[in-house]
Amino acid sequence: MATFGHITPERCAQLGRALTSAGLSWQDNGHQDRPEFLTYTATDPHGRRWTISPATSNQITPSKPASLWQARCAENSHSSPVSSARAVAEHIRYLPA
Numbered sequence: 001m002a003t004f005g006h007i008t009p010e011r012c013a014q015l016g017r018a019l020t021s022a023g024l025s026w027q028d029n030g031h032q033d034r035p036e037f038l039t040y041t042a043t044d045p046h047g048r049r050w051t052i053s054p055a056t057s058n059q060i061t062p063s064k065p066a067s068l069w070q071a072r073c074a075e076n077s078h079s080s081p082v083s084s085a086r087a088v089a090e091h092i093r094y095l096p097a
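Residue numbering for the sequence shown is 1 to 97, as defined by full-length UniProt numbering.
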């Protein structure tokens, strides 16, 4: 069974800081207390909307414990790998149009 105990308030704050540092506008749906329902949305420099969700415990690699997030863009059917907050923000920021 997938769990989400790895998504802590600090991990959520890290993602918010990473998205802000990347210059992306973003918001969350307010479910930090229920990570299985938590999503963030961010808009990239090309106007595409991305949904960022926490990875499940089954998706996390022990050798990369900070890789907790995955982003998806419906417009271009693109998904990022499960990555750290900074890497997800950079992926969204720098993916070509």
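For every residue, glycine included, the Cβ atom is placed at its ideal position computed from N, Cα and C.
Practice task
Return the bridge partner residues of Ala-71 from the DSSP annotation.
Solution key: Paired residue(s): Ile-52.
Practice task
Would you mind sorting Ala-13 into buried or exposed? The rule is 16 or more other CB atoms within 10 Å of its CB.
Solution key: Exposed, since its Cβ has fewer than 16 Cβ neighbours within 10 Å.
Practice task
Classify Ala-66 as helix, strand or coil using the three-state DSSP reduction.
Solution key: Correct three-state label for Ala-66: coil.
Practice task
Take Trp-50 and list the residues in its own chain whose beta-carbon comes closer than 8 Å to its own, dropping the five residues that flank it on each side.
Solution key: For Trp-50, where only same-chain residues beyond five positions count, the Cβ hits under 8 Å are Thr-41, Ala-42, Thr-43, Asp-44, Ala-71, Arg-72, Cys-73 and Ile-92.
Exercise for the section: Using the DSSP secondary-structure output, state which residues sit across from His-78 in a beta bridge. Expected result: DSSP, once it has assigned bridges, lists Cys-73 as partnering His-78.
Handout entry: Thr-41 - DSSP class collapsed to helix/strand/coil
Key = Here Thr-41 sits in strand by DSSP.
Practice task
In angstroms with no decimal places, state the Cα-to-Cα distance between Ser-83 and Ala-66.
Solution key: Distance between the alpha carbons of Ser-83 and Ala-66: 7 Å.
Exercise for the section: Report yes if the C-beta distance between Leu-24 and Ala-89 is below 8 Å; otherwise report no. Expected result: Taking 8 Å as the Cβ cut-off, Leu-24 and Ala-89 qualify as a contacting pair.
Problem - First and last residue of the uninterrupted beta strand (DSSP E) at Ser-25 - result: Segment 25-28, the beta strand (DSSP E) holding Ser-25.
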